[in-house]
Amino acid sequence: MERYLNWANAFLVVYSIDNRRSFEVCHQYLESLSQCTKALHQERPIILLGNKLDMERYRQVSKSDGITMASKYGCSFFEVSACLDYDCVQHVFHEVVREIKKAAKRKLPIHPLFITEEKPAVALSSVTPISATCKEMPSIAQAKLITVKSSRAQSKRRAPTLTLLKGFKIF
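For what it's worth, our numbering labels the leading residue of the sequence shown as 387, then goes sequentially.
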């Protein structure tokens, strides 16, 4: 578990609302996550997610049980149906990203910003002028687009073409 804490930005612990055993396993995961984060002094957002909301009639884990467990471990709680409600699942992942951003803002150390003007190392009088053999590049205002009108280019435009199947041309 500890190796995942080093690179993970957040944890989603998911259980099935129609399977009490999966909920009990989540309790074990949340317990080990809280112990590891305390030992490593790293705060990571944890989301407890009840899945299979579309199986409401077979529910074995109440919503209040999920809320109670989430509040015990200080994590967010959601119930979704991955099968029927894509928007709700998407909302959960957006919330996870928001939690990650909040955690990142809390961890950023504040350093003072100093803006200084650095002086050039070489004095301006020691710079040698450009030799006469070098040509200057035109500035943006002087640059022009020149169209070349050669007889060869014009003859290519007039060459007859044969179109096959509206997508292939034979020259």
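In this text, a Cβ means the ideal position worked out from N, Cα and C, and glycines have one as well.
The model shown is predicted, which means the values in this text are computed figures rather than measured ones.
- In the DSSP annotation of this structure, the continuous segment of the beta strand (DSSP E) that includes ILE433 starts and ends at 432 to 437.
- Sequence-distant Cβ neighbours of PHE464 in its own chain, meaning closer than 6 Å and more than five residues away, are LEU435 and VAL478.
- Each residue's CA atom was taken as its position, placing GLU442 and THR423 some 34 Å apart.
- According to the DSSP assignment, TYR459 belongs to the alpha helix (DSSP H) that extends over 449 to 459.
- By the Cβ-count criterion, ASN437 is buried, with 16 or more other Cβ atoms from all chains shown falling within 10 Å of its own Cβ.
- In the three-state scheme derived from DSSP, where H, G and I count as helix and E and B as strand, GLU410 is classed as helix.
- Distance from the CA of LEU416 to the CA of THR454, rounded to the nearest whole angstrom, comes to 13 Å.
- For SER402, the enclosing beta strand (DSSP E) begins and ends at 397 to 402.
- When the alpha-carbon of VAL466 is set against those of SER457, LEU419, LEU391 and VAL399, the nearest one is in VAL399.
- Contact check for PRO431 against ALA394 fails: the beta carbons are separated by 7 Å or more.
- For SER462, the uninterrupted beta strand (DSSP E) segment begins and ends at 462 to 465.
- The C-beta of GLY452 has 16 or more other C-beta atoms within 10 Å across all chains shown, which makes the residue buried.
- For the pair CYS469 and ASP440, the CB atoms are nearer than the 7 Å cut-off.
- Excluding its 5 nearest sequence neighbours in each direction, VAL482 has C-beta neighbours in its own chain below 8 Å: ALA396, LEU398, PRO431 and ILE433, listed in chain order.
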